[in-house]
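Single-structure report; data block below.
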Amino acid sequence: MRKIAVVTGTRGEYGPLKPVMKAIEKDKELELILIITGMHLLLEYGNTYKLVERDFPKSVKVQMPLEGDSLEDMAKYLSYGIKNFAKYFSEKTPDTVIVAGDRSESLAVALACLYLNIPVAHINGGDVSGGTIDESIRHAVTKISHIHFAHTKSNAERIRKMGEEEWRIHVTGAPAIEAIKEVKLKKRDELFKTYNLNTDKTTFLVVQHPITTLKDRGYSQMKE
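Note that our numbering has the sequence shown beginning at 174, numbered continuously upward.
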């Protein structure tokens, strides 16, 4: 039986990863090792590890201490992750580790696996986000990884242009779509009533996703 470790560091990435983990869990030839880390384990972000443990009671935790929100703190956060995952994977060696996206947790895991000769499978490679630190991390994880699960053909082409071998790249679509299918959406009237919104007025939602290295400019960016 092959041991497949899946690492989740935030609530935002956990939802899209959930269908993948359920599929691994159902496969009789695979053993799922779910590792909770990062923001999931921080009180100020809601201790969202509890949501994961509710679905996967046998999950384990690997700490990544975050001492503050400065750029230095973020660099240290990455270093703690590399150190702690290197220790964990040295003791509990999986056959393959799956990471997603472009966060520091994924980069820490990938770097630890690189030095321990553990194959890495990367979900969500090939995306572009305007030259931000997220894009740099995402492409770095791509170059470290051995198998690539791309959302789209254009993403796969970007991965191919980075020099990755054809047989390593698989266009699988976005796991988030499977997660969305399971969500029971509220009807419009019910939603407006819940949030006390006026159905006679045009309503739209604005989401600000601040650039990690420009976190102090979030307000001015929204004003623009």
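In this text, a Cβ means the ideal position worked out from N, Cα and C, and glycines have one as well.
Mapping the DSSP letters down to three states, classify V356 as helix, strand or coil.
coil
Short Cβ contact (8 Å threshold) for H324 with G346
yes
Pull up the DSSP beta-bridge partners for A323, would you.
V344
Euclidean distance between Cα positions of A248 and F258
Each residue's Cα considered, the two are about 16 Å apart.
Over the uninterrupted alpha helix (DSSP H) stretch that includes K195, give me the two end residues.
184-199
Report yes or no: do three or more beta-carbon pairs, one from the region 198-215 and one from the region 272-284, lie closer than 8 Å?
yes
Can you give me the start and stop residues for the alpha helix (DSSP H) that V270 sits inside?
No alpha helix (DSSP H) holds V270; the beta strand (DSSP E) holding it covers 269-273.
Within its chain, find whatever has a CB closer than 7 Å to the CB of F262; leave out the 5 residues flanking it on each side and keep chain order.
A285, C286, L289, I291
Taking the alpha carbon of K316 as the point to measure from, which residue in G303, K326, G299 has its own alpha carbon closest?
The shortest C-alpha separation from K316 is found at G299.
Can you pull the DSSP bridge partners for E204?
K176
Is the number of C-beta pairs between the region 229-249 and the region 192-210 that are closer than 8 Å three or more?
yes
Considering just the uninterrupted stretch of the alpha helix (DSSP H) at I296, what are its terminal residues?
From DSSP, I296 is part of no alpha helix (DSSP H) but of the beta strand (DSSP E) over 293-296.
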